[in-house]
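In this note's numbering, the protein residues as written are -2 to 269.
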Ligand SMILES: NC(=O)c1ccc[n+]([C@@H]2O[C@H](COP(=O)([O-])OP(=O)(O)OC[C@H]3O[C@@H](n4cnc5c(N)ncnc54)[C@H](OP(=O)(O)O)[C@@H]3O)[C@@H](O)[C@H]2O)c1
């Protein structure tokens, strides 16, 4: 797979999504946060992942404007928060206003709360009106996806879930591939918790890469989009520098075998 930092994967509605994006969870909604996003855009990131609940859609919009990069070149994802399912359209418009954009590239149901399938109808309306170019879900299990697909002709383009070698969700990945739903890995760096793992450090040494670079590359070689978060300029650059090497099959298997079903966020099987 020949990939570079501008590579994109095709979604099931023929739109394209950049293989790497900047996650902005916990980036402060201030000028420092804005600087981090601006740095990422300067370095070549063309995909930003935010959410209404992160409270920082404003700085995403500001950084995009300041970057002087054309709107069409940047892929912006935001998400409907759990408390807003009664007013989906209002919540969507509020996100659009804070982002100061005319459209959103990808709007996601953040968690599979009980009203998810009803809310999907409003998502379809927003999609058909062109207010968001693609619609998808997050934290959906195979069962949630099956249930939604039975009820709808427009299926989600992506499912954004926690995914890294310590939470290698193989069954979900296979199901999404079979159904042409793109998996997006959140907390791809285990929120920083496992970057000192000896196996990662050892494989990193072999390729002269850091643990972070190894696990991002591992996910992309599995055909999964990654959205690592960093507010630090060096680490933002480091995380993008993963396109000049290839992890061989043996090391891919080693990384696969690190799975411990370790979650850093809620378990979607237990959310309602
Ligand atoms: N859909 C959902 O429910 C959901 C849930 C969680 C996250 N997300 C999305 O996924 C994105 C990423 O997930 P995440 O923020 O939970 O965790 P993550 O990307 O796995 O890890 C971020 C942490 O790792 C550190 N870090 C980043 N690059 C590093 C590097 N090269 N070396 C060492 N440490 C590094 C960061 O610190 P510094 O900032 O100091 O570099 C931060 O503490 C979020 O920002 C958000 O957009 C979605």
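Yeah, the Cβ is synthetic: ideal placement off N, Cα and C, and Gly gets one too. All values derive from a computational prediction rather than experimental measurement.
Cα-Cα separation between residue i and residue j, rounded to whole angstroms
i	j	result
residue 162	residue 100	34 Å
residue 228	residue 34	8 Å
residue 200	residue 141	35 Å
residue 237	residue 124	30 Å
residue 185	residue 245	20 Å
residue 88	residue 247	46 Å
residue 0	residue 6	10 Å
residue 50	residue 77	8 Å
residue 197	residue 187	12 Å
residue 266	residue 177	22 Å
residue 102	residue 193	35 Å
residue 137	residue 156	7 Å
residue 31	residue 129	23 Å
residue 151	residue 133	10 Å
residue 47	residue 190	21 Å
residue 45	residue 74	6 Å
residue 254	residue 209	17 Å
residue 14	residue 158	16 Å
residue 90	residue 251	45 Å
residue 218	residue 26	33 Å
residue 169	residue 220	13 Å
residue 212	residue 232	14 Å
residue 40	residue 28	18 Å
residue 105	residue 79	11 Å
residue 82	residue 120	11 Å
residue 234	residue 166	27 Å
residue 181	residue 17	9 Å
residue 153	residue 146	8 Å
residue 64	residue 98	14 Å
residue 61	residue 54	11 Å
residue 164	residue 113	24 Å
Rounded distance between the beta-carbons of residue j and residue i, thought under 8 Å
i	j	result
residue 10	residue 131	6 Å
residue 58	residue 96	4 Å
residue 224	residue 179	Not a contact, Cβ separation roughly 12 Å.
residue 71	residue 94	About 18 Å; that fails the 8 Å criterion.
residue 242	residue 204	5 Å
residue 116	residue 85	5 Å
residue 216	residue 172	About 17 Å separates the two Cβ atoms, so there is no contact after all.
residue 148	residue 21	Not really, about 32 Å apart at Cβ, beyond 8 Å.
residue 36	residue 230	5 Å
residue 135	residue 107	5 Å
Three-state class that DSSP yields for residue i in the structure shown
i	result
residue 44	strand
residue 70	helix
residue 248	helix
residue 79	helix
residue -1	coil
residue 256	coil
residue 58	helix
residue 266	helix
At which residue ranges does the stretch 6 to 33 contain complete beta strand (DSSP E) runs of 3 or more residues, listed in the order of the chain? Segments of the beta strand (DSSP E) lying fully in the stretch 6 to 33: 13 to 15.
Enumerated in chain order, which unbroken segments of the alpha helix (DSSP H) with a length of 4 residues or greater are wholly contained in the stretch 166 to 242? Runs of the alpha helix (DSSP H) lying entirely within the stretch 166 to 242 and spanning at least 4 residues, in chain order: 167 to 175, 195 to 204, 208 to 218 and 230 to 237.
Can you check the stretch 83 to 107 for any beta strand (DSSP E) of at least 3 residues that lies completely inside it and give the ranges in chain order? Taking 3 residues as the minimum length, the beta strand (DSSP E) runs contained wholly in the stretch 83 to 107 are 101 to 106, in order along the chain.
Inside the stretch 114 to 140 only - beta strand (DSSP E) runs reaching at least 3 residues: As far as the stretch 114 to 140 is concerned, its whole beta strand (DSSP E) runs of at least 3 residues are 129 to 135.
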